[in-house]
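Numbering that gives the first Met the number 0 puts the first residue of the sequence shown at 0, with every later residue one more than the last.
Don't be surprised by glycine CBs; every beta carbon is placed ideally from N, CA and C.
Given the structure is predicted, the values throughout are model-derived calculations rather than measurements.
Everything on this sheet refers to the single structure shown next.
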Amino acid sequence: MVLLLWYFFSLPQKLFNSSYSTVLEDHSGHLLSAAIASDGQWRFPEIDTVNEKFQKAIIAYEDKRFMNHLGIDILALGRAIRMNIQAGHVVSGGSTLTMQTIRLSRKNPDRTVFQKIIEVILATRAELRYSKKEILQFYASHAPFGGNVVGIEAACWRYFGRSSAELSWGEAALLAVLPNNPSLIHLARNRDLLKAKRNHLLEKLFQQHELDEISFQLAITEPIPEKPQPLPRYASHLLDQVVKAGYRQKVVRSSVDQEIQIRAEQIVDDHFQRIQANQVFNAAALIVDVRSGEVLAYVGNTKSGDDHEQSVDVIQAPRSTGSILKPFLFAAMLDEGKMLPGTLIPDVPTLISGFAPKNFSRQYDGAVPADKALIRSLNVPTIYELKDYRYEKFYRLLQSIGMSTLKKSPDHYGLSLVLGGAEGSLWDITGMYASAARTLNNYFQYPGKDRYNRMDFHSPLFTRTNFPDTVLESSSYLSASSLWLTFETLKELYRPGEETGWQHFSSTTPIAWKTGTSFGFRDGWAVGVTPDYAVGVWVGNADGEGRPGLTGTEAAAPLMFDLFAILHGQTWFQKPQSELTSAAVCSMSGQRASSLCDKVDTVSIPVAGLTSALCQYHKLIHLSPDMKYRVHSECASVNEMKSVSWFVLPAIQEYYFKIGNLYYRSLPAYRNDCADPASIASMDIIYPKVNSKIYLPVQLDGKTSTTVFEATHRNSASVIFWHIDGHFLGSTQKSHRFSIGAKQGQHVLTLVDDLGETIQRSFTVISGD
């Protein structure tokens with residue numbers, strides 16, 4: 000009874016406790032990459048199907064009665080004993096495949112009579128627990144194939160560069176003779192002996208009618224591999240993420256498309272060859288299928304070498320976002336009816352609670368339509384939008400739609416949240432763009448009132464995942480109408496190219512895309528979407544070093560368009576007509592037209608846009624009979640006045656707007672007898688005096704000295720914006736002093752306050768650089 004119990008429990012519950020490689024496959028099962036097992040062996044996880052050719056070859060070579068015995072072959076064992084006695088030493092073990100499998104599971108203990116008895120007992124026990132198919136699977140998965148290659152799957156990739164499912168007869172026979180002769184796989188030696196053993200086995204299989212004569216002749220002519228091949232190393236950074244996600248020591252069937260992955264890696268490498276001339280060494284790219292959210296290509300970094308941190312997975316690394324989040328604010332503003340696409344937004348020197356945003360060009364337009372501000376990625380108008388929307392609410396929106404890197408409170412980021420003040424990962428941001436496109440796509444999949452599924456906003460997926468049941472609602476984080484208008488705006492962006500830096504490729508597939516550049520030229524971003532694909536690109540240095548010219552437009556966008564060139568899909572997004580309505584919009588202000596607007600366009604706007612403000616820029620003014628001067632009832636007869644509608648910007652906006660818009664007409668002056676009490680000057684320049692000559696010596700380091708200019712203002716809370724020769728220098732509040740340096744020659748100092756009042760003064764620098 001005791002012996003029976005021992006026999007029953009003699010076999011471990013789990014036959015093999017080996018460590019395995021983590022294997023990453025593409026969506027069709029092609030090997031992308033693999034990580035070596037913790038014990039230094041290339042040992043792929045256990046297979047569930049043994050190649051039929053290998054199965055026949057290994058049985059013919061090792062254990063011809065395998066399918067019939069119960070773990071031991073009495074005839075083979077007897078023959079082995081006789082041979083060993085005759086030779087005076089061990090020349091044959093007589094082991095069956097089942098006994099060899101047991102030996103492999105016990106880590107190949109010393110070959111003694113006692114160990115052989117144990118193997119016999121455990122082999123019979125294994126036959127009672129496992130089927131012949133399972134025993135062959137164990138053997139094929141754990142047999143040694145030379146060096147640190149264990150198991151047939153790893154051996155096939157190392158020696159033939161393909162899966163065991165694709166073995167030829169010659170390859171199957173070669174692998175069958177190796178487990179008992181693994182030293183023969185040193186391909187620089189023993190090649191003739193190895194080939195002879197293989198061909199002998201092939202002849203045996205031919206005689207057993209396992210293969211026909213043509214197959215036999217082809218098999219014996221197959222060459223022996225010259226050397227082991229390196230395993231594929233595609234999507235190697237994704238392999239790291241697979242391990243971190245808990246898929247260690249497994250075969251992971253990913254969503255990646257091997258063909259797209261290989262081409263994407265080639266394109267990134269080609270781009271790297273160009274950007275490294277500017278000492279830029281790292282780049283990453285992510286391609287996502289919009290409809291499923293699945294990753295089609297994952298290029299985590301360039302092959303720039305360890306000196307340039309090529310092992311860093313930049314797709315997952317938080318980086319300053321630059322302007323890449325602006326489209327989400329634009330969509331959110333449209334969604335709530337806070338503005339229309341063409342609404343004029345202020346673009347003037349701005350100081351908000353000590354925060355002074357500046358446009359990339361350091362120039363100002365006075366006022367810019369919201370869609371044009373997005374296209375040109377102007378910072379100041381965006382800050383005015385965020386101030387209206389509120390940064391706390393935008394912070395919560397970004398978290399809801401997939402931005403996981405916002406670890407601090409909204410107040411920590413403030414208004415800089417939309418200008419790169421927060422860090423984001425390429426993984427999250429590409430996923431956010433893809434989710435926005437998916438939401439717009441799926442709007443047309445569900446008829447009726449409830450057409451939104453908030454689960455459409457999710458991170459990219461690198462494995463095939465089953466989603467929970469769709470829960471439809473009447474709204475989502477962003478509406479289809481606001482997303483469509485945002486993509487329509489982003490589609491109008493011009494491509495990087497010749498002359499002015501932009502060139503429109505009218506023949507290419509329409510793409511909604513946006514770039515971003517972080518402060519100090521450290522990060523270049525470009526993300527684009529179509530109804531089918533989202534492509535995200537980051538370019539820079541992993542160590543954070545900035546480089547001149549490292550912008551999203553010049554460094555990242557060309558790579559993004561090269562990646563889109565290998566993709567094909569639907570032309571453009573459907574228009575969500577049911578969420579849009581036609582409205583009369585003032586052609587100059589971009590707001591809903593009032594009765595005073597003389598030029599009106601009929602455009603599509605979100606239904607929520609019907610609650611947006613009427614045009615506030617067209618004013619009814621009264622002119623003298625000759626239409627040259629403004630008048631009012633205290634200085635002119637009402638019957639003589641000419642009442643007209645006039646487009647009037649706030650004074651500070653007008654100062655900058657009319658520089659770039661020659662059509663703009665300032666309000667006529669009041670007639671002499673109709674003086675405006677508000678025209679009394681509020682601001683004056685204390686220094687320099689009129690036509691001053693200022694001496695600015697050159698310092699020892701070659702730089703020109705500076706001098707402090709000073710101004711005053713009646714309103715202590717007013718902000719003064721300082722300009723030299725039309726170039727904006729900065730702003731002051733309360734204490735209006737500014738340190739200024741200028742080259743030798745004549746200059747014009749211009750001050751503009753926050754109400755648009757302007758004062759100018761000429762001065763001359765008589766010494767300088």
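Closest option to Phe737, judged by alpha-carbon separation, among Gln743, His726, Thr705: Thr705.
When DSSP reads this structure, Ser738 sits in a beta bridge with Val707. Assignment of Gly729 by DSSP, reduced to helix, strand and coil, places it in the strand class. Note on the stretch 110 to 137: whole alpha helix (DSSP H) runs with a minimum of 4 residues are 112 to 128, in chain order. Taking every protein chain shown into account, the CB of Lys13 has fewer than 16 other CB atoms within 10 angstroms, so this residue is exposed. Distance from the Cα of Gly608 is smallest, within the candidate group Glu202, Met338, Arg262, Ser17, for Met338. Distance from the CA atom of Lys196 to the CA atom of Pro224, rounded to whole angstroms, is 15 Å.
If you look at Trp426, you'll find it in the alpha helix (DSSP H) that goes 425 to 441. Taking all protein chains in view, the Cβ of Met682 is crowded by 16 or more other Cβ atoms within 10 Å, so the residue is classified as buried. In this structure, Gly336 keeps its C-beta atom at 7 Å or more from the C-beta atom of Thr580. For the 7 Å CB-CB criterion, Lys52 and Leu173 do not form a contact. Between the stretch 710 to 723 and the stretch 736 to 753, the count of C-beta pairs closer than 8 Å reaches three or more; the two stretches touch. Given a length threshold of 4 residues, each whole run of the alpha helix (DSSP H) inside the stretch 600 to 675 is given here in chain order: 650 to 659. Bridge pairing for Arg252: Glu24 [DSSP].
Tyr233 sits in coil when the DSSP states are folded into three classes, being neither helix nor strand.
Taking C-beta atoms under 8 Å as the contact rule, Asn50 and Ser163 qualify, at a distance of about 5 Å. In this structure, Val718 and Cys673 do not form a Cβ contact; the two beta carbons are roughly 30 Å apart against a cut-off of 8 Å. Leu405 is the residue among Met454, Leu405, Met626 whose C-alpha sits nearest the C-alpha of Gly423. For Leu96, the enclosing alpha helix (DSSP H) begins and ends at 96 to 104.
Take the alpha-carbon of Val379 and the one of Gln444: they are about 38 Å apart.
Residue range 168 to 176 is occupied by the alpha helix (DSSP H) that includes Val176.
Using a Cβ distance threshold of 7 Å, Ala33 and Ser17 do not count as a contacting pair.
Met626 is classed as exposed because its beta carbon has fewer than 16 other beta carbons within 10 Å across all chains shown. Residues Ser586 of the same chain have their beta carbon placed closer than 6 Å to that of Lys598, with the five preceding and five following residues left out of the count.
Pro143 sits in a strand when the DSSP states are folded into three classes. Look at His29 here: in three-state DSSP terms it is coil, with no helix or strand label. Secondary structure within the stretch 364 to 425: the alpha helix (DSSP H) runs of 4 or more consecutive residues, fully enclosed, are 369 to 374, 378 to 388, 390 to 399, 409 to 412 (chain order). When Cβ pairs closer than 8 Å are counted between the two stretches, the stretch 313 to 324 is seen to touch the stretch 534 to 546, the count reaching three or more. With a cutoff of 7 Å on beta-carbon distance, Ile400 and Tyr476 are scored as near each other. Fully contained in the stretch 250 to 300 are the following alpha helix (DSSP H) runs of length 4 or more, in chain order: 257 to 274.
Annotation for Ala316: no beta strand (DSSP E) segment contains it, and DSSP assigns it neither H nor E. The C-beta distance from Gly419 to Thr320 rounds to 5 Å, short enough to meet the 8 Å contact threshold.
Out of Asp334, Pro326, Asp268, the CA that lies nearest to the CA of Ser481 is found in Asp334.
Distances from the CA of Lys618 to each of Ser588, Ser235, Gln265 were compared; the closest alpha carbon is that of Ser588. Shown here for Gly729: same chain residues with a beta carbon closer than 7 Å to its own, the five before and five after excluded, namely Trp721, Phe737 in chain order. The alpha-carbon separation between Phe205 and Leu193 amounts to approximately 18 Å.
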